[in-house]
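Worksheet: the structure to be examined is printed underneath.
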Amino acid sequence: MDSLLIRGGVPLHGEVTISGAKNAVLPIMAATLLTPEPCVIRRVPELSDVKFMARILTSLGAKVEMEDGTVTVQARKLKPVGNYDLIRKMRGSICILGPLLARQRQAKVSLPGGCVIGTRPIDLHLKGMRDLGAKLTIENGYVHAEAPRLIGADIFLGGRAGPTVLGTANVMMAAVLAEGVTTIESAACEPEVVDLAFFLNKMGARIVGAGGPTITINGVKELHGAKHEVIPDRIEAATFAIAAVVTNGEIQINGARPDHLHAVLDKLREAGVKVERKGLTMTVSRGKQLKPVDITTLPYAGFPTDAQAQMMVLMALTPGLGIITERIFESRFMHVSELARLGADIGIEGPSAIVKGGRKLSGAPVMASDLRASAALVLAGMAAEGKTQVNRIYHLDRGYEKIDDKLRRLGARIERVEEE
Ligand code: EPU
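Counting in our numbering, the sequence shown runs from 130 upward without gaps.
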């Protein structure tokens with residue numbers, strides 16, 4: 130398994146360009162199943178999750194071409210069954226359920242299990258499909274869905290932890306071809322949901338309200354091909370912003386959407402970080418003095434859970450007490466014990482991590498447990514003195530396009546150690 134070897138203590142300087150958003154492109158790729166016509170998606174990041182989704186679409190009979198950040202998909206005819214082993218392996222593949230049901234009126238998708246960050250149920254996805262008239266059964270680990278007709282309905286998608294991002298995407302994709310009007314209440318407001326709605330509307334769907342808690346969808350008979358450029362990855366931008374601060378450097382982040390990052394930028398400023406915005410560019414550097422802040426992760430426009438682990442590294446380096454409360458996923462603190470190996474002093478009390486910041490970090494071998502935990506360990510390794518080896522970096526390759534190359538260009542001493 131590949132690992133990253135980091136020699137810490139080098140301030141990062143220079144410019145970095147943000148890639149397309151992983152969490153926008155996956156549902157958009159799934160949405161291409163809704164039409165037999167070709168769809169062209171641009172600014173697609175080269176990630177293992179994207180390649181995985183391409184393989185899933187291919188296994189369902191779609192023709193997929195990927196070249197230089199552009200993916201073309203044509204799902205002229207869909208096979209009744211795909212490669213279920215493939216579908217089972219990636220949680221994000223649950224978002225093919227809505228498009229398959231809408232286009233074929235039936236679908237078989239494996240029930241995704243939990244993962245290290247939490248149990249990750251899909252009850253709300255299933256509730257939405259049932260409300261549209263689908264009959265669902267769960268057998269042998271698969272969701273079997275059938276709907277001779279899909280009929281628009283009022284659907285409430287608020288759950289225990291608030292709205293669901295992929296659940297909103299899934300129900301929206303099923304409802305675009307349903308008869309009549311669907312209203313989703315307590316819809317997720319994430320920019321990735323808005324980007325999907327934008328793409329679906331380009332395909333001929335009639336969706337209004339995406340980005341707010343009520344989304345209204347007027348069903349149409351069919352959709353056509355469309356071209357689309359995916360939004361920049363707000364979590365990648367947040368990760369580089371924090372990288373600038375924890376290494377005591379200064380990074381110009383190009384091609385980002387600072388308007389998708391209000392909560393993160395607000396917390397960074399509160400922590401004493403200098404952030405200058407100019408159009409789609411942000412320049413981030415450590416200010417005069419860092420201060421600890423308290424953070425609670427929330428659905429958009431609150432502080433994103435996907436930037437929690439990275440922010441914890443900043444708090445670990447900031448003198449004083451910072452409290453980080455995770456409200457979206459029940460066990461998203463796997464990075465805490467690994468950060469402790471580098472010398473961080475962090476305790477967990479229920480959903481909160483109590484960070485006693487200001488300790489010097491020193492390099493050590495650490496193990497990545499999920500995508501964002503991996504990013505946090507890379508940041509911590511760059512801030513630590515000495516050598517840090519981050520193992521199991523396949524997690525990182527799922528969601529950060531060429532992160533080691535990008536960091537190296539900013540001056541980081543980071544190399545990929547490939548294991549045969
Ligand atoms: N939930 C339910 N029932 C459901 C669905 C979700 O109770 O049917 C709960 C979840 O257990 C969780 C909360 O609702 O407590 C929010 O989960 P959500 O459904 O919004 O998460 P998701 O759609 O499965 C996406 C991203 C995650 C990101 C979350 C939250 C993709 C592919 N994944 O997951 O991204 O953390 O939204 O913003 O879009 C990542 O990129 O590292 C990542 C994990």
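Yeah, the Cβ is synthetic: ideal placement off N, Cα and C, and Gly gets one too.
As the structure is a computational prediction, the values presented were derived from the model and not from experiment.
| Item | Value |
| --- | --- |
| Leaving out five residues before and five after VAL404 in sequence, what residues of the same chain have Cβ atoms less than 8 angstroms from its Cβ? | ALA370, LEU394, LEU397, ARG398, MET411, THR412 and VAL413 |
| Hey, VAL442 and ALA509: beta-carbon distance below 8 angstroms or not? | yes |
| Hey, quick one: how far does the alpha helix (DSSP H) through LYS151 stretch, first residue to last? | 151-160 |
| Can you tell which of TYR523, GLU321 and MET332 has the C-alpha that lies nearest to the C-alpha of TYR429? | GLU321 |
| Nearest CA to the CA of LEU163: which residue from GLY287, LEU490 and ARG205? | ARG205 |
| Grouping DSSP H, G and I as helix and E and B as strand, with all else coil, what is HIS391? | helix |
| Would GLY378 and PRO140 be called neighbours here (beta carbons separated by less than 8 angstroms)? | yes |
| So, does the CB of ILE475 fall closer than 8 angstroms to a CB anywhere in chain D? | No chain D is part of this structure, which consists of one protein chain only. |
| Does the Cβ of ASP526 lie closer than 7 angstroms to at least one heavy atom of ligand 1? | no |
| Smallest Cα separation from CYS244: which of ARG538, ASP534 and SER498? | SER498 |
| To the nearest angstrom, how far is it from the Cα of THR368 to the Cα of LYS356? | 29 angstroms |
| What's the C-alpha gap between GLU194 and VAL145? | 27 angstroms |
| Say the cut is 7 angstroms; is the CB of ILE477 nearer than that to a heavy atom of ligand 1? | no |
| Between the C-alpha atoms of ILE284 and ALA502, what's the straight-line distance to the nearest angstrom? | 34 angstroms |
| Ligand 1 heavy atoms versus the CB of GLY262: any closer than 7 angstroms? | no |
| Which parts of the stretch 234-274 are runs of the alpha helix (DSSP H), unbroken and 4 residues or longer, counting only runs that do not cross its ends? | 252-260 |
| In the DSSP assignment, the beta strand (DSSP E) including MET496 goes from what residue to what residue? | 494-496 |
| May I have the straight-line CA-CA distance separating ILE170 from THR425, to the nearest angstrom? | 34 angstroms |
| Go to ILE532, then tell me how far its beta strand (DSSP E) extends in each direction, as first and last residue. | Premise fails: ILE532 lies in the alpha helix (DSSP H), 532-538, not in any beta strand (DSSP E). |
| When you measure from the CB of ASP362 to every non-hydrogen atom of ligand 1, does any distance come out below 7 angstroms? | no |
| Whole angstroms are fine: how far does the CA of MET158 sit from the CA of PRO448? | 44 angstroms |
| What does the alpha-carbon distance come out to for the pair LEU261 and GLY281? | 6 angstroms |
| Does the contact criterion of 3 or more C-beta pairs under 8 angstroms hold for the stretch 262-275 versus the stretch 286-297? | no |
| How would you call PRO494, buried or exposed, if buried means at least 16 neighbouring beta carbons within 10 angstroms? | exposed |
| If you drop the 5 nearest sequence neighbours on each side, which residues of the same chain put their C-beta closer than 6 angstroms to that of PRO165? | ARG205 |
| Does the Cβ of VAL546 have 16 or more other Cβ atoms within 10 Å, making it buried, or fewer, making it exposed? | exposed |
| Between LEU500 and the rest of its own chain, which residues show a CB-CB distance below 6 angstroms, the 5 nearest in sequence each way excluded? | HIS524, ARG527 and GLY528 |
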